[in-house]
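Notes follow once the structure below has been shown.
2 protein chains.
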Amino acid sequence: MKTLEGGDLEAELRRRADLISKAIDELLPVSRPEGLYDAARHLLGAGGKRLRPSLLLIAGESVGCDAARLVPAAVAIELVHNFTLIHDDIMDNASLRRGKPAVHVIWGTSGAILAGDTLYSKAFEMLSMVDAPPERVLAAMDMLARTCTSICEGQWQDLEFERAESVTEKEYLEMIEKKTGVLYGASAWIGATLGGAPPEVAGGLEEFGRLTGMGFQIHDDILDLTVPEDVLGKRLGGDILEGKKTMIIIDALSKGVKLEIFGKGQASQEQLREAISALRRCGSIDYARRRAEEFVGRGKRALDVLDDSPAKKLLLELADYMIRRGY
Amino acid sequence: MKTLEGGDLEAELRRRADLISKAIDELLPVSRPEGLYDAARHLLGAGGKRLRPSLLLIAGESVGCDAARLVPAAVAIELVHNFTLIHDDIMDNASLRRGKPAVHVIWGTSGAILAGDTLYSKAFEMLSMVDAPPERVLAAMDMLARTCTSICEGQWQDLEFERAESVTEKEYLEMIEKKTGVLYGASAWIGATLGGAPPEVAGGLEEFGRLTGMGFQIHDDILDLTVPEDVLGKRLGGDILEGKKTMIIIDALSKGVKLEIFGKGQASQEQLREAISALRRCGSIDYARRRAEEFVGRGKRALDVLDDSPAKKLLLELADYMIRRGY
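First to last, the protein sequences are chains A and B. The numbering used here puts the first residue of the first sequence at 1, with every later residue one more than the last. The numbering used here puts the first residue of the second sequence at 1, with every later residue one more than the last.
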């Protein structure tokens, strides 16, 4: 785990993703009541790229820690991420996730609420297991708790935006910082802190994670408009139909673009294609792409706190990957 | 806070409840986004007896700790309790709680999910604040996490019971142990552990909390059938209409009692009165009362690990109160 030379980024990510998937199977076995654990594990078993927990591991490596020790913390981050997916899908009434039916579609709203709640507490259980000095583990638990609070605040704002007359870009950025950025930030901070990094180094890694995470989210909004369902695992243009005020939409509205199907819940393929094409023509997709690149650039500069190492190189490559990935 | 002589139990509980309510106001202020914090605080502001956090404080006192230091931990327990109320009310489709509309009635399902999630993470934030050696705080965080997992398992079983053909008393007891007992157990264990108690003493207090908590739940099921809505703050006989398989119902069914309105969702006042009267006549309410007393008696014996003190006396009185209270 300590040497990183030779492999390309995707191979390095795949290696860590496999390690995390294996640890999930071990640390979160199906136990009684079986239905609850089936529901809790439904999306966990559906792959996903494990970017957040991989970031945690690489952040630990970048400060000289053996990443194998951090695996339960990495699992904790993945459980928190999955908990938010399950609860968000209820709130967004989304039926598809990672190409599978959403948890609430199979187990109902009550089952999905409980599956999410279970992953939430399991995350804290996992994190408390990490073999590190208690004051570091405690700091990590506190960071995870504050991060979960931020995610709730961000999701609340996201829901408010759907009802709002208009949303500014500043408000959108605050929302995605909380909803997406902080969990990437916490992943990097927790890996560094458990790995023994001093506060200023952990702070730099947090900033790296948070800013690249915001780039990731803006890129995600772009993917929603550009990647077909069979690749992305969710409906093309779903954000338009749901009335999500993404950076792209905010920019387009400010340019006077009219989107008849915005927030209408459904539309024909032809209408969807036309709406997406309008967003492209007015330059809003390109604009969002530039902003995503800008956030990732700022995030990479925050890594100046680190000495050069294979792990640092990997972090810089990961940052670029977050806005280059095709799904 | 250290001397307990003189006051009667209810005055002692009120004093601690006031302390906890004041701390909630300080530690969980309404901040942005306001709607989220209004929703999260809705039931917290509606009183409640604060029995769980008071138990935590008294458990700490019983091992010689100044309870004032434990207040953030007590608040954490109350937040977890309120998080479960908010999510349970969504699942049970309950419209009334503590005499006020349930959170989901005012803020919708999405708002209530997020309000509960926020209290969940805030609880861990509060607990991490406690001024105690980090290994003790970490042990408390781990206990809280495992307790939340148990509560989810218990609630899942409770929902399964509604669909189940029949439920045994053993299954019912396992369910209430998880759904209600463990949080009382954790309250006592966390107060003792943060207060510096050795594991066997903390273990005795956990058992005390868990068993009296089970008595509390059985008593709660009795109150549902015997206390009118204007006193209890929820609908008389609601459990019958919802088809909850409580100890009383399980006993009555085993005696061949027929309850036509069981699980029917609604009934006339006359039908409800008749059903409750049938449960009384067949002896099932008295049976449940005896079992509640038995659990409380076993719980009290677990306190043999403690030397005599005013705090121990208070714990013994609290145990009796848990199955004597009128609402």
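Quick reminder that beta carbons are idealized off the backbone N, C-alpha and C, glycines included.
Please report how far the alpha carbon of residue i lies from the alpha carbon of residue j, in whole angstroms.
i, j, result
"Ala311/B", "Leu211/A", "51 Å"
"Cys148/A", "Gly64/A", "27 Å"
"Asp304/A", "Lys100/B", "54 Å"
"Glu24/A", "Gly263/B", "The identity of residue 24/A in the sequence shown is Ile, whereas the question assumes Glu. If you take the alpha carbons of Ile24/A and Gly263/B, they lie about 39 Å apart."
"Ile151/B", "Ala319/A", "39 Å"
"Ala11/A", "Ser95/B", "52 Å"
"Ile176/A", "Ser21/A", "27 Å"
"Gly6/B", "Leu315/B", "The pLDDT assigned to Gly6/B is 43, lower than 50, so where the model puts this residue is not dependable, and the model offers no usable value."
"Leu205/A", "Glu317/A", "14 Å"
"Met126/B", "Val30/B", "15 Å"
"Ser309/A", "Gly195/A", "15 Å"
"Met247/A", "Ala288/A", "6 Å"
"Leu279/A", "Glu293/A", "19 Å"
"Leu55/B", "Asn93/B", "30 Å"
"Pro198/B", "His104/A", "44 Å"
"Arg291/A", "Ala73/B", "43 Å"
"Leu19/A", "Trp189/A", "20 Å"
"Arg324/A", "Asp224/A", "14 Å"
"Met322/A", "Phe216/A", "5 Å"
"Thr168/A", "Glu162/A", "13 Å"
"Leu4/B", "Ala59/B", "Low confidence applies to Leu4/B: its pLDDT is 45, below 50, so where it sits in the model is not reliable enough to give any reading."
"Leu232/A", "Gln266/A", "19 Å"
"Glu242/B", "Ile106/B", "21 Å"
"Arg98/B", "Tyr327/B", "10 Å"
"Ala46/B", "Asp89/B", "15 Å"
"Glu174/A", "Ala252/B", "56 Å"
"Ala145/A", "Val71/B", "18 Å"
"Val201/A", "Asp230/B", "58 Å"
"Val296/B", "His219/B", "11 Å"
Helix, strand or coil for residue i per DSSP?
i, result
"Arg97/B", "strand"
"Glu165/B", "coil"
"Gly213/B", "helix"
"Cys152/B", "helix"
"Val296/A", "helix"
"Phe208/B", "helix"
"Lys244/B", "coil"
"Ala267/B", "coil"
"Gly343/B", "Nothing can be reported for residue 343/B, as the shown portion of chain B is limited to 1 through 327."
"Asp8/B", "coil"
"Gly351/A", "An answer regarding residue 351/A cannot be provided, because it is not within the stretch 1 to 327 covered by chain A."
"Ser31/A", "coil"
"Phe83/A", "helix"
"Gly47/A", "coil"
"Asp66/A", "coil"
Kindly list, in the order they appear in chain B, the residues whose Cβ is closer than 8 Å to that of residue i.
i, result
"Thr109/A", "Ile90, Met91, Thr109"
Measuring alpha carbon to alpha carbon, tell me which of the options ends up nearest residue i.
i, options, result
"Gly283/B", "Phe295/B, Asp308/B, Asp230/B, Gly256/B", "Gly256/B"
"Leu259/A", "Ala275/A, Ile250/A, Glu270/A, Gln266/A", "Ala275/A"
"Lys91/A", "Val80/B, Ser95/B, Ala112/B", "The sequence shown places Met at residue 91/A, not Lys. With distances taken between Cα atoms, Met91/A lies closest to Ala112/B."
"Glu26/A", "Val75/A, Gly48/A, Ile218/A", "Val75/A"
"Glu160/A", "Lys245/A, Ala115/A, Leu232/A", "Lys245/A"
"Met143/B", "Leu114/B, Glu78/B, Ala186/B, Ile86/B", "Ala186/B"
"Asp158/A", "Glu229/A, Lys178/A, Ile261/A", "Lys178/A"
"Ile250/A", "Val130/A, Glu165/A, Leu119/A", "Glu165/A"
"Asp307/A", "Ser62/A, His42/A, Asp8/A", "Ser62/A"
"Ser121/B", "Val231/B, Ala202/B, Met141/B", "Met141/B"
"Pro53/B", "Glu242/B, Leu241/B, Arg14/B", "Arg14/B"
"Ala67/B", "Thr109/B, Gly108/B, Asp131/B, Asp286/B", "Asp131/B"
Under 8 Å between beta-carbons, which chain A residues line up against residue i? List them in chain order, please.
i, result
"Glu125/B", "Asp142, Ala145, Arg146, Thr149"
Give the interface partners of residue i over in chain B, defined as CB-CB distance under 9 Å, in chain order.
i, result
"Thr118/A", "Cys148, Thr149, Cys152, Glu153, Trp156"
"Ser121/A", "Tyr120, Leu144, Ala145, Arg146, Thr147, Cys148, Thr149, Ser150, Ile151, Cys152"
Please compile the residues from chain A whose C-beta is within a distance smaller than 7 Å of the C-beta of residue i.
i, result
"Ser128/B", "Leu138, Met141, Asp142, Ala145"
"Ile113/B", "His87, Ile90, Met91, Ile113"
Quick one: list the residues of chain B neighbouring residue i, beta-carbon separation under 7 Å, in chain order.
i, result
"Glu78/A", "Correct list: empty, because the minimum Cβ distance to chain B is about 16 Å."
"Pro199/A", "Per Cβ cutoff of 7 Å: no residues; Pro199/A is ~16 Å from chain B at best."
"Ser134/A", "The question names Ser, but residue 134/A is Pro in the sequence shown. Near Pro134/A (Cβ distances below 7 Å), the residues of chain B are Pro134, Glu135, Leu138."
Under 8 Å: does the beta carbon of residue i sit that close to some heavy atom of the ligand MN?
i, result
"Ala311/B", "In terms of ligand content, the structure shown is empty, and the ligand MN therefore cannot be addressed."
Interface residues of the segment 148-181 of chain A facing chain B [CB-CB below 7 Å]: Those residues of the segment 148-181 of chain A that come within reach of chain B (Cβ to Cβ, closer than 7 Å) are Cys148, Thr149, Cys152, Glu153, Gln155, Trp156, Gln157, Leu159, Glu160.
Residues of the segment 237-259 of chain A with Cβ closer than 7 Å to any Cβ of chain B, in chain order: none
Under 8 Å (Cβ pairs) to chain B, residues found in the segment 24-36 of chain A: Arg32, Pro33, Gly35, Leu36
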